[in-house]
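**Student:** One structure coming up, written as structure tokens, with questions to follow.
Numbering (my numbering), first residue to last: 18 to 132.
Laid out in structure tokens, this is it:
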């Protein structure tokens, strides 16, 4: 996912080579379309506010807002998963950690007679 800023240059589509700020001045609805249909396209709240300062009529559709929110949540979850250290399962197959004396079904008759 790419976090687009006002000076970020588009490297795709009909506005390839133009910055987000330029696209906002040419066809503001394209940003709404990108927000909904392009998985890699993300606009932070701060950038949306900056666009609204440039063009007060700019308004994201509910679908675009939901899409941006879902993209951010997915990105955040991936970042969290990346930071979780790998835990080895070697202890589960290391039988030296197993103590037969603690097995209830392996106890002597004296153990069971105390009940």
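All C-beta atoms, glycine included, are put in the ideal place defined by N, C-alpha and C.
(1) Report yes or no: do three or more beta-carbon pairs, one from the stretch 29-46 and one from the stretch 84-96, lie closer than 8 angstroms?
(2) Is there contact between the stretch 54-65 and the stretch 87-94, where contact requires at least three CB pairs shorter than 8 angstroms?
(3) In angstroms, rounded to a whole number, what distance separates the CA positions of residue 35 and residue 63?
(4) Would you report the Cα separation of residue 128 and residue 97, rounded to the nearest angstrom?
(5) DSSP three-state call for residue 37: helix, strand or coil?
(6) Of the residues 18, 70 and 23, which one's Cα is nearest the Cα of residue 54?
(7) Label residue 68 either buried or exposed according to how many other C-beta atoms from any shown protein chain fall within 10 Å of its C-beta, with 16 as the threshold for buried.
(8) What is the DSSP secondary structure of residue 85, counted as helix, strand or coil?
(9) Tell me the DSSP secondary structure of residue 28 in three-state form.
**Tutor:** In short, the structure shows the following:
(1) Counting C-beta pairs with one atom in each stretch, the stretch 29-46 and the stretch 84-96 have fewer than three that are closer than 8 angstroms, which means they do not touch.
(2) yes
(3) For this step, residue 35 is matched to residue 18 along the chain shown. For this step, residue 63 is matched to residue 46 along the chain shown. The alpha-carbon atoms of residue 35 and residue 63 are separated by roughly 20 angstroms.
(4) Working through the chain shown from its first residue, we reach residue 128 at position 111. Working through the chain shown from its first residue, we reach residue 97 at position 80. Computed Cα separation, rounded: 49 angstroms.
(5) On the chain shown, residue 37 is found 20 positions in, with the first residue counted as 1. Residue state, collapsed to three classes: helix.
(6) Translated into the one-based positions of the chain shown, residue 54 becomes position 37. It is 18 whose Cα lies nearest to the Cα of residue 54.
(7) On the chain shown, residue 68 is found 51 positions in, with the first residue counted as 1. The residue is buried, with at least 16 neighbouring Cβ atoms inside 10 Å.
(8) On the chain shown, position 68 is the one that residue 85 refers to. Secondary structure at residue 85: helix, using DSSP grouped into helix, strand and coil.
(9) The count along the chain shown starts at 1 and reaches residue 28 at position 11. If DSSP states are grouped into helix, strand and coil, residue 28 belongs with coil.
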